[in-house]
Amino acid sequence: HHITDLQLRVPISITAESRELQVVLQGDAVQISSRVHVCKEASGDGGDGGDGRKHAWVEHCTARLARSGTAPYQHRHSIAAIRQRIPSLLSSSFAKEHLSSVGVSGMAFPWCVREHLGGHEEMLVQVDMPGDTNTLSGDAQSWAPLIDAATSISSCILSKNTTMCIVSGIDKVVFVSQGTPPKTGYLLIERRPEEKPQRVDVEILDIDGTRLCRLEGMQFTDLGVVSYTSPRVDPLLYRLTWVRPTLRETPLPMDNVILISADAHSIRYLQELTSRRLNACHVSSVLELEDRVRDVPSRSNMVVLYVPGRVREIRDVAGTAHAAVCETANILSTLVHSGTTAKLFVLLNGVLKPRCLGQVAYHSLYGFSRVAASEHPELWGGLIDHEGPAFPFLAFQCVQEESVIRVEDGQPHVARMAS
Numbered sequence: 001h002h003i004t005d006l007q008l009r010v011p012i013s014i015t016a017e018s019r020e021l022q023v024v025l026q027g028d029a030v031q032i033s034s035r036v037h038v039c040k041e042a043s044g045d046g047g048d049g050g051d052g053r054k055h056a057w058v059e060h061c062t063a064r065l066a067r068s069g070t071a072p073y074q075h076r077h078s079i080a081a082i083r084q085r086i087p088s089l090l091s092s093s094f095a096k097e098h099l100s101s102v103g104v105s106g107m108a109f110p111w112c113v114r115e116h117l118g119g120h121e122e123m124l125v126q127v128d129m130p131g132d133t134n135t136l137s138g139d140a141q142s143w144a145p146l147i148d149a150a151t152s153i154s155s156c157i158l159s160k161n162t163t164m165c166i167v168s169g170i171d172k173v174v175f176v177s178q179g180t181p182p183k184t185g186y187l188l189i190e191r192r193p194e195e196k197p198q199r200v201d202v203e204i205l206d207i208d209g210t211r212l213c214r215l216e217g218m219q220f221t222d223l224g225v226v227s228y229t230s231p232r233v234d235p236l237l238y239r240l241t242w243v244r245p246t247l248r249e250t251p252l253p254m255d256n257v258i259l260i261s262a263d264a265h266s267i268r269y270l271q272e273l274t275s276r277r278l279n280a281c282h283v284s285s286v287l288e289l290e291d292r293v294r295d296v297p298s299r300s301n302m303v304v305l306y307v308p309g310r311v312r313e314i315r316d317v318a319g320t321a322h323a324a325v326c327e328t329a330n331i332l333s334t335l336v337h338s339g340t341t342a343k344l345f346v347l348l349n350g351v352l353k354p355r356c357l358g359q360v361a362y363h364s365l366y367g368f369s370r371v372a373a374s375e376h377p378e379l380w381g382g383l384i385d386h387e388g389p390a391f392p393f394l395a396f397q398c399v400q401e402e403s404v405i406r407v408e409d410g411q412p413h414v415a416r417m418a419s
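For what it's worth, full-length UniProt numbering labels the leading residue of the sequence shown as 1, then goes sequentially.
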């Protein structure tokens, strides 16, 4: 197998917390993700962190598998000839000193450099995997230490760059050898001149110069530059799927409801709420809420429901979008400063499946909801986008700790990353 189109997206966070690793193979596409692991003993409720929420999967890399032989890649280099071609001898500490100078203080694996020959376009580095270190225990069959050495040392060929560069993609990885990786070997590093973004080819050789692995088109990204230079848009695209969430066993109590809306059509919601014998009242803006909220701490099971105003004309889309986000932020701020335990919900109608251009004005609330849920989870109930005129009681009372809820055919759905 060859690994092609390897895209490295988010580095794995090295913390004291254990992480679950997920490898998804779908056809020839491979995806590796991880999330923080919470043991049942720590969570007390089945491994979701004790607050009813599971940690989200973070996608680290994607790639494709290609079935082809390794015969064209079998080759034995003359180490002596390479030495003659690259006569400049660098310090064996050159690589780690360069990495340290740009902010990399430690290595993921215990490799060390025995010899380093190098120039601006080509390097030959002898690396060794010490057998007497206890830095990290691992599988002797694993290529990870050698690959880590290859990706780390390769950035040194860009040593004129004083900012940190990390590997963001590799065009092709070919494992020529099927055997156990050696403890000592060579890295033959060749820079592709004049390519932007900068790319490097790396070969892992045994002590005799036999090619064991080849990494073609290793691309480095400068962390000091926030830009996207790839001509492909695929790495920027993510596919969401809407799934049925687990409903809470005990519905959210909502004995007292404050409906905030300047739209006359929202009065129908007030009628449905009062028909269920809920103590519901209506205010037209956050300014009126400030008077009402003084009584909120003394009331139990309080829910604040905001319904944005409608777009009357297409020219009002931008203004309505701005007003809806500002009003939501002001409502949330009022609740934060009041010390209430009320839950704030935003209710939309048919935004994900818009029937008119005016509904584009509310898409910004989707993003705002995810931020609010992260910063104020104790107050944020969620954004509910439903269909039809009926009030979505099931989504309000039986879905918990979700920033955005979509109601379709009367059933709540939440967004998840598709594999």
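All C-beta atoms in this analysis are idealised placements derived from N, C-alpha and C, irrespective of residue type, glycine included. Given the structure is predicted, the values throughout are model-derived calculations rather than measurements.
With 16 as the cutoff for other CB atoms within 10 Å, does residue i come out buried or exposed?
{"i": "residue 426", "result": "Residue 426 lies beyond the stretch modelled for the chain, which goes from 1 to 419, so this question has no answer here."}
{"i": "I331", "result": "buried"}
{"i": "S91", "result": "exposed"}
{"i": "K353", "result": "exposed"}
{"i": "L178", "result": "Inspection of the sequence shows that residue 178 is occupied by Gln rather than by Leu. It is exposed - the Cβ of Q178 has fewer than 16 other Cβ atoms within 10 Å."}
{"i": "Q219", "result": "buried"}
{"i": "A144", "result": "exposed"}
{"i": "I147", "result": "buried"}
{"i": "F345", "result": "buried"}
{"i": "D201", "result": "buried"}
{"i": "V307", "result": "buried"}
{"i": "K172", "result": "buried"}
{"i": "E194", "result": "exposed"}
{"i": "E402", "result": "buried"}
{"i": "L21", "result": "exposed"}
Please go through the same chain and pick out, in chain order, the residues whose beta-carbon is closer than 6 Å to the beta-carbon of residue i, but skip the five residues on each side of it.
{"i": "E203", "result": "L188, R211, R214"}
{"i": "A66", "result": "H2, T4"}
{"i": "C156", "result": "A95, H98"}
{"i": "I79", "result": "G209"}
{"i": "F175", "result": "C213"}
Give the secondary structure of residue i by DSSP, where H, G and I count as helix, E and B as strand, and everything else as coil.
{"i": "S91", "result": "coil"}
{"i": "N256", "result": "strand"}
{"i": "S284", "result": "coil"}
{"i": "residue 425", "result": "Not covered by the structure: residue 425. The range shown for the chain is 1 to 419."}
{"i": "P412", "result": "strand"}
{"i": "R370", "result": "helix"}
{"i": "H120", "result": "coil"}
{"i": "N301", "result": "coil"}
{"i": "A81", "result": "helix"}
{"i": "F220", "result": "strand"}
{"i": "I147", "result": "helix"}
{"i": "A108", "result": "coil"}
{"i": "S43", "result": "Per-residue confidence for S43 stands at a pLDDT of 45, beneath the threshold of 50, marking its modelled position as unreliable; no derived number is given."}
{"i": "L278", "result": "coil"}
{"i": "V336", "result": "helix"}
{"i": "D28", "result": "coil"}
{"i": "K291", "result": "One point to set straight first is that residue 291 is Asp, not Lys, in the sequence displayed. D291 falls in the helix class under three-state DSSP."}
Determine which residues share a DSSP beta bridge with residue i and list them.
{"i": "L187", "result": "V125, I204"}
{"i": "S34", "result": "L21, V58"}
{"i": "W380", "result": "L344"}
{"i": "L65", "result": "I3"}
{"i": "G169", "result": "Q7, Q219"}
{"i": "R76", "result": "T210"}
{"i": "E115", "result": "Q126"}
{"i": "T241", "result": "R416"}
Got a sec? Which residues, its chain only, sit under 7 Å from residue i by beta carbon, not counting five neighbours each side?
{"i": "Q31", "result": "V24, E59, T62, S419"}
{"i": "T70", "result": "V174, V176"}
{"i": "D88", "result": "What sits at residue 88 in the sequence shown is Ser, not Asp. Excluding sequence neighbours, S88 sits near L117, G118, G119."}
{"i": "G169", "result": "L6, Q7, L8, Q219"}
{"i": "S227", "result": "In this predicted model, S227 has a pLDDT of only 46, less than 50, meaning its place in the structure is not dependable enough to derive any value."}
{"i": "A140", "result": "T180"}
Grab me the residues of residue i's own chain with a C-beta within less than 8 Å of its C-beta, minus the 5 sequence neighbours each way, in chain order.
{"i": "V399", "result": "P245, L247, R248, G382, I405, P412, V414"}
{"i": "residue 430", "result": "Here the chain covers residues 1 to 419 and nothing more, so residue 430 does not appear."}
{"i": "V286", "result": "I260, E327, N330, I331, T334"}
{"i": "A280", "result": "N256, V257, I258, L259, L270, L273, T274"}
{"i": "S142", "result": "P181"}
Let me see if you follow: with CB-CB separation under 7 Å, is residue i close to chain C or not?
{"i": "I267", "result": "Absent from the structure is chain C; it holds one protein chain and no more."}
Query raised in the report: Do the region 407-414 and the region 237-257 touch if we need at least three Cβ pairs shorter than 8 Å?
Result: Touching, per the Cβ criterion.
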